[in-house]
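Residue numbers for the sequence shown, in the numbering used here: 2 to 229.
Where a beta carbon is used, it is the ideal one built from N, C-alpha and C, also for glycine.
What follows is a single structure, written as structure tokens, with notes after it.
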Amino acid sequence: MTEVIVHETAPVTLIGGGEVAKSDLADALSYAPFLVAADGGADQALRLGYEPRAVIGDFDSLSAATRSSLTDSILHHVPEQETTDFDKAVRAVTAPLILAVGFLGARVDHQLAALHVLAQPHDTPCILIGAHEVVVHVTAPLELELTPGDVVSLFPLAPVTGLSSGLEWPIEGLDLSPMSRIGTSNRATGAIRIEADGPGLLALLPRDCLPALIPAMRAGRSPSLQRD
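Okay, here's the thing in structure tokens:
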């Protein structure tokens, strides 16, 4: 178990080494200004003009130039190889919420690993931010006002059943599993509600849901979301 390294009372932005646009990082930092880098994410942060306040990982992808440019006090080496740097960083952060950028896009194996981490039990909830969607682990009923036709993809990383309303193809009575039935490319008919009977169900939602999702998750309650 990784020890707590960052303890914040406000949301934290976590940057990884995958593809990330400067606008996405700036957007995350506008909600969560404390920037933490997962290993080589520090290179990304500096390239985009930001200096992380903590760097966490096994440092196998952190460049020598970036490492030498940062003070030792913000470098937190976690040498174990049983978990990914994303997992190490999430477990090392205690905050109301983590906004994670730079974990979707680029290498497919890294994206799959990030989704695997998202579905694990963590004390701090996390939103993965991509170029076109946000990804959350459905651990409580999720309510969201969407525009009819918006894509809502549900992907199980473990066998799970659930309840839904406001989806063109409801999930009631379906056994969702990564080895059989999944729920990608569903569509909203308006306001949606999704509930899972256990852990493992990821929801991929429109990117513009982020402003409403953040305060709902910060409040520590089931997300009840309205778009502006």
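DSSP three-state assignment for residue i, whether helix, strand or coil
{"i": "S225", "result": "Here S225 scores only 39 on pLDDT, less than 50, and its place in the model should not be relied on; the value that follows carries that caveat. Correct three-state label for S225: strand."}
{"i": "T14", "result": "strand"}
{"i": "H78", "result": "strand"}
{"i": "V7", "result": "strand"}
{"i": "P212", "result": "helix"}
{"i": "T162", "result": "coil"}
{"i": "F156", "result": "strand"}
{"i": "F35", "result": "strand"}
{"i": "H138", "result": "strand"}
{"i": "L100", "result": "strand"}
{"i": "L175", "result": "coil"}
Nearest residue (CA-CA) to residue i, options the options
{"i": "A96", "options": "H133, I215, A204, P12", "result": "P12"}
{"i": "E81", "options": "S74, A90, I75", "result": "A90"}
{"i": "H123", "options": "G42, G163, H138", "result": "H138"}
{"i": "I99", "options": "P126, L116, A120, F87", "result": "P126"}
{"i": "T1", "options": "A101, A39, R48", "result": "With the chain running from 2 to 229 in the structure shown, residue 1 is simply not present."}
{"i": "I245", "options": "K23, A93, I57", "result": "Outside the modelled stretch of the chain, which goes from 2 to 229, sits residue 245, for which no answer is possible."}
{"i": "T162", "options": "S62, A132, D198", "result": "D198"}
{"i": "E196", "options": "S62, S165, S74", "result": "S165"}
{"i": "P160", "options": "D209, V21, P200, A115", "result": "P200"}
{"i": "A107", "options": "A132, T10, I172", "result": "A132"}
{"i": "L202", "options": "L211, H117, C210", "result": "H117"}
{"i": "N187", "options": "L15, I215, L155", "result": "L155"}
Classification of residue i by the beta-carbon crowding that lies within 10 angstroms, buried from 16 upward
{"i": "E134", "result": "buried"}
{"i": "S109", "result": "Rather than Ser, the amino acid found at residue 109 in this sequence is Val. So V109 counts as exposed."}
{"i": "G150", "result": "exposed"}
{"i": "H111", "result": "buried"}
{"i": "T185", "result": "exposed"}
{"i": "P224", "result": "Model confidence at P224 stands at a pLDDT of 42, short of 50, so the residue's coordinates are unreliable; what they give is reported in the following sentence. Buried, by the Cβ-count rule."}
{"i": "L145", "result": "buried"}
{"i": "H8", "result": "exposed"}
N-terminal and C-terminal residue of the alpha helix (DSSP H) that residue i is part of
{"i": "H133", "result": "Run containing H133: none; DSSP gives neither H nor E here."}
{"i": "A107", "result": "Counting along the chain, A107 falls outside any alpha helix (DSSP H), and DSSP gives it neither H nor E."}
{"i": "L30", "result": "23–32"}
{"i": "L47", "result": "42–48"}
{"i": "A93", "result": "86–93"}
{"i": "A66", "result": "65–70"}
CB-CB length for residue i against residue j, believed under 8 Å
{"i": "G237", "j": "G50", "result": "This structure cannot settle anything about residue 237, because the visible part of the chain is limited to 2 through 229."}
{"i": "H78", "j": "A55", "result": "Actually they do not touch by this definition, with Cβ atoms about 12 Å apart."}
{"i": "P157", "j": "P179", "result": "6 Å"}
{"i": "L147", "j": "A189", "result": "4 Å"}
{"i": "A93", "j": "I57", "result": "5 Å"}
{"i": "L168", "j": "I128", "result": "Not really, about 21 Å apart at Cβ, beyond 8 Å."}
{"i": "V153", "j": "A204", "result": "7 Å"}
Segment limits, beta strand (DSSP E) that includes residue i
{"i": "A192", "result": "184–197"}
{"i": "I57", "result": "55–58"}
{"i": "H206", "result": "Residue identity check: residue 206 is Leu in the sequence provided, not His. From DSSP, the beta strand (DSSP E) with L206 extends over 202–207."}
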